[in-house]
Amino acid sequence: MTKMVKEFSRKYVLSQNINFTKLYQEVEYYNGKSVQPLFVVMLKTLEDLYQFGDTTKLYNMGLHTWLVIFMESNDRKFNDFCREPRDNVLNLVVSTKMLAKCYNNPLLKEWYSMDEKKIEVSEYGMWSIQKGVTKLSEKNFYERRSNFKGISLKVSTVKEVAPIPDWNGSLNSFFGMVFKELSSTMNFKMEFISEEDYYGTWNETEDRWTGVIGRLEAREIDIGIGEFTMSQQRADVVDYTVPLMLSHSDLYIKRPNMSNVDWSAYVKAFHTNIWGLIVVILVITPILLAIMCRISKGSDVSRCYLLEEYLAIWSIYCQKSLPDFPASSSLRIAYLSVFLSSLVLFAVYSAYLTSYLTVFTPSIPFNTFGGFVKDGTYKLIILRHSSNHDLFTRSKIPIISKMGKLLKADEDLPHDIFAALKQVCNERVVLYTNQLFIEKVSRYSPCVLTSLTQGRLDNVGFVLAKNSPYTEIFNYNLKNLRAFGIVECLKRRYLRKFIFDDSSYLPVALWSVIPILGILCLGIVVSLQFLICECIVKQKYVTLINQTVKSKSQNKETFKTLTTMFRISRCFSDHNVLVQTARLSNVRKYLKYYKYRTLSPLYIITLKSQLDLEEFSNFAKNFTMSMNLWLVFIYKSPELLKFCQKPDRNLFNVMFNTKILIKCENDPIIKEWYSVRGVEVKVNSVARWTVNEGFVMVNTHSMWQRRKRLDNITIRIATVRESPFTMADHAENRDTLYGLFGSVLRELKDMANFTAELIAAEDYYGSYEPMTGKWSGVIGRLVSKEVDIGVAEFGRSKHRMDIIDFTVPLLLTRMSYYMKQPNMSAIMWSTYTQVLDHRIWTIYLFAALVCSFLIAVIMSKLKSKKIIPLTLDNCFYVWGIQCQQSLPEFPTASSLKIAFMSLVIPSMVIYISYSAALTSYLAVFNPNLPFTTEQEFTSDKSYNLTVLRGSVYHDIFERSNGSLALKMRERLKRPEDLPLNMFEAIKQVCNEQVVFCTNELFVDKISANIPCTLMSISSGRLDSAAFVLTKHSPYTGLLNYYIENFRSHGIIKVLSNRHLSKMVPQASIYVPVSFQSVVPILALFFSGVGLSLFILTGEYVIWYSAKMRKRGRS
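Under the UniProt record's numbering, the first residue of the sequence shown carries the number 1, and numbering increases by one thereafter.
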């Protein structure tokens, strides 16, 4: 043992010899620590083996790493157990990390237990002096443990309390199917224990947990299946798997019964050029018809008044019939072309007005938490025994506490989501719950709900018993299922989003039809004026229209230090603390070794003379003292003791965040030294250390509470000029930052007492320039130490974290890809015919011809006329009926009445079907995106990628080496073509074939100024926004302390609501029908006019020829 400890010491590996009786204390000490030791167990006899087994009964063997070495022994049973262990005398579990080596055998074996009854053995590697350890398998730890060999796991679920037609039990849900995939992949069986009423919450009356959580705490089951959201209280008693999904908790309210149609909606259906064209048609067509009427009737022009033609055309466009259908074929064709064009234009206009009313978004009484509290007329409900109960009853955030006062009594809270929906629909209450629950039952909601997306983002996953041996293995396999796309496929299959079924239609309010009533009244007034004018002077005048929008655990450093080097080493050793003595000249290599490690040692320095003081002072000048923990003993020398009591110089190079304690000889007070400006040393008394009392804290505040003031020092800052959340004001010779991050900076300045000097406002955040080998933007200034803090919404990346420090995040958001929504206003020419099947059109035309002939046969019998002329006339009558026009003269014969009525009814049904189909197309038309995932985008090749120049996404795509990132980099624009700000980026998206990668917060901030409609594609990656500082900045810890305080006291929430308030959803913007979309209608109209003019010309030529022949004869 001594040789092994000595060899470890030569390799700079700290080691310690302990007995089995003290093993429990060591294991308990390392519980919850980031760095875990390797426990090497040396067994010589069978008695040692059983003694070690008795010791391991006290704790979980899966929490630490073990190496068991069986020494030389003559005991056959002892040697046989090493070669083939059977009974689980060492209390191993499936997650145990234990290697065993038998004497004189180079093979290392891995020991663990699946059912905690017998030990499973697998070969891990060969251990030799020459080659060291050679692994026999390339599989990692979790791959080797993922086969559970058919063991049974006890599970419980939460039952569904209301019947759902397509619901077949909890295990046929998304979470159940994921668990079934795990069961198949990991080879274990499910033993179904119970179906609980609730997920589980703390019952203060019975002092226990309820539901599935209660069964896990009592160790009655191994895992709970269902939508378990993560909370701090639950995490203390159960373990969570990695999240299977992220879901918002929102407020849900019954949609108010409101309707308000914008007056401008009546004219927004068509573009202005279409309205202009309609006016031109209304002006020109009557003139042409009047001329045709005069020519066709010769000298008889008594009925060809221009005003009458104007009224006739106006009535046709208002879907009214002519008082007298003309007998001339040319005029009939002209009028029929007008009928057809007016019919289609009327259907399109009706469809767009119907679309507006169909997708109308009503206004709601409030859209924020503050608005809900201020309104005060609604009560708040949550699901009984849900994780949200503690949020409103124990929270110290002011707005949440106020909402808690509006919470219903516990006995009145709904016990399931269906009861909650019933209360929301029938009472004046607001439901706070997870979006996942609402989507799950949205089809069965008795009313239409409206959500306010302002709640927290919840992680949803499985739960296991606390310190379960299965947790890490489940997490590994869940990550594999996610990486291979299985989780995403199950989401799409079982978590389809359902649109709320709005079965009740809101009546149009009186205010909405005022323009229509105004037109009616205006028409009456104008007609009266015309009547007066006609009676007096017979003149006419016409005219008018109008149009009007987001404690610390007191790091109690219980310094267990004593007075002299010998006593310190001996005392630490007695308390199982590893100690190593070294000269100051050798400390540097230890500092280098621990530079990037999580666990850092405590360095104890003893100074006995002025020479020692100078040596340590020179050492401190060349090293960043704030990166480690220091305890300095000063004694013997009077000069040193004087300096120890009142340090007049910063000889130890202490900074604001330096963690150094000073103990002077004959002074029981331990003092803390730090410096705000790097020159003057400040002293705080921390503890009293005496032989009788031991170590007693005299200042119970944490380190940052003791150092919370910066004595009005000046801190240099830089910002991004076009930052959406930080705006600089240079007016009146003062630099002030506004926006969310500027407001947080002002709060930090007031609390920490420092002055901010704005050094620069850069064009972009900062990215690595391969040509120069330097960083640009604000990050470049931080790297060169020109500024101390970067104030803007900086995102994290691996490369940035290597060179600068980040504060704790102020905001969490998502990374998404944005593209311009495809054109929704352009109606394809084929749409006018595709709404009905081609067979219907064929039957429609064939029936018109057959009906015209059959009616002509009937008329020929009644009127003794020829069939062919009657058939031609009937074609116009039948065509007019199908265009919703009346007959010029309804027949008196019963047979003809029945024949024409049999045409009117199917024509009306076909017209209604055609209008409804066209309306449906325009109302629910959704553009098809060319791609919906990152992989599809890289394969599309028709879009380029753009990001903000110098942003974190620029750094991700430029410097990542993943296969997907390399493909995305190929689509990335050149650096000089990348936008500098959000407005330039949105301009590129709206005007070019590009996709913009950014986070949702940036887009929400400028959503009111986006000139086009955007569609988003989620990347699934969470992003954060925080301040940045120079690497190892002395102010990082203090800023984090205050930001966490701001968050716990609700200040961050208040500032977010002030600067990041979500815009109230506005009424949908309807794009008018474009000119190109109605070209087929206009072509039909003008072709009809042209054909009528051609026939008119032919008729006129024939008439004129006949007239001349007649004159010649006479």
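Built from N, CA and C at the ideal position, the CB exists for glycine as well.
Going by C-alpha positions, Ser902 is about 10 Å away from Cys851.
At a Cβ-Cβ threshold of 8 Å, Thr96 and Met42 do not count as neighbours. Contact annotation: Gly226 and Tyr199 have beta-carbon atoms nearer than 8 Å. The alpha-carbon separation between Gln882 and Met908 amounts to approximately 7 Å. Contact check between the segment 426–444 and the segment 236–247: three or more CB pairs, one atom from each, fall below 8 Å, which counts as touching. Here DSSP, grouped into helix, strand and coil, assigns Phe366 to coil.
Here Val133 is exposed, its C-beta having fewer than 16 other C-beta atoms within 10 Å. Contact check between the segment 376–389 and the segment 950–966: fewer than three CB pairs, one atom from each, fall below 8 Å, which does not count as touching. The closest CA to that of Val577, considering only Pro601, Leu584, Lys589, is found on Pro601. Sixteen is the threshold: when 16 or more other Cβ atoms of the shown chains lie within 10 Å of the Cβ of Trp630, as they do, the residue is buried. Annotation for Leu407: Leu380, Phe392 place their beta carbon closer than 6 Å to its own, counting only its chain and skipping 5 residues before and after.
In this chain, the beta strand (DSSP E) harbouring Cys664 covers 659–664. For Asp250, the three-state secondary structure derived from DSSP is strand.
Going by DSSP, Val178 is part of the alpha helix (DSSP H) stretching over 174–186.
Nearest C-alpha to Met655 among Ala761, Ser637, Asn666, Val683: Val683.
Residue Ile223 holds the alpha-carbon nearest to the alpha-carbon of Phe192 among Ile223, Ser173, Thr210. Residue environment: Gly766 is assigned as buried (16 or more neighbouring CB atoms within 10 Å of its CB, all protein chains considered).
For Gly962, the three-state secondary structure derived from DSSP is coil. The beta carbons of Ile382 and Leu413 sit about 6 Å from each other, so the pair counts as a contact at 8 Å. Just so you know, the alpha carbons of Ala620 and Thr658 end up roughly 11 Å apart. Residue nearest to Ser1018 within the set Arg974, Ala965, Asn981, Glu934 is Glu934 (criterion: CA-CA distance). Residue burial is scored here from C-beta neighbours: Cys997 has at least 16 other C-beta atoms within 10 angstroms and is therefore classed as buried.
With distances taken between CA atoms, Val696 lies nearest to Ile670 out of Ile670, Lys865, Trp209, Cys318. A residue is called buried once 16 or more other Cβ atoms fall within 10 Å of its Cβ, and Met98 is buried on that count.
Around the C-beta of Glu970, fewer than 16 other C-beta atoms lie within 10 Å, and the residue is accordingly described as exposed. Contact annotation, Thr45 with Phe20: C-beta distance approximately 13 Å; criterion of less than 8 Å not satisfied. Inter-residue distance for Ser342 and Leu1022 is about 54 Å (C-alpha atoms, whole angstroms). Counting C-beta atoms within 10 angstroms of its own C-beta, Gln834 has fewer than 16 neighbours from the protein chains shown and is therefore classed as exposed.
Between the alpha carbons of Thr946 and Glu762 lies a distance of about 20 Å. Close CB contacts of Leu336 within its chain, under the 8 Å cut and outside five residues either way in sequence, are with Phe876, Trp879, Gly880, Cys883, Gly1088 (chain order). In the displayed model, Glu1099 falls within a helix according to three-state DSSP. The three-state reading of DSSP puts Ser15 in coil, since its state is none of H, G, I, E or B. With a cutoff of 8 Å on beta-carbon distance, Pro85 and Val121 are scored as near each other.
Of the other Cβ atoms in all chains shown, 16 or more fall within 10 Å of the Cβ of Lys1005; this residue is therefore buried. In the three-state scheme derived from DSSP, where H, G and I count as helix and E and B as strand, Ala269 is classed as coil. Its chain contains Phe437, Val441 as the residues whose beta carbon lies nearer than 6 Å to that of Ile417, once the 5 sequence neighbours on both sides are disregarded; these appear in chain order.
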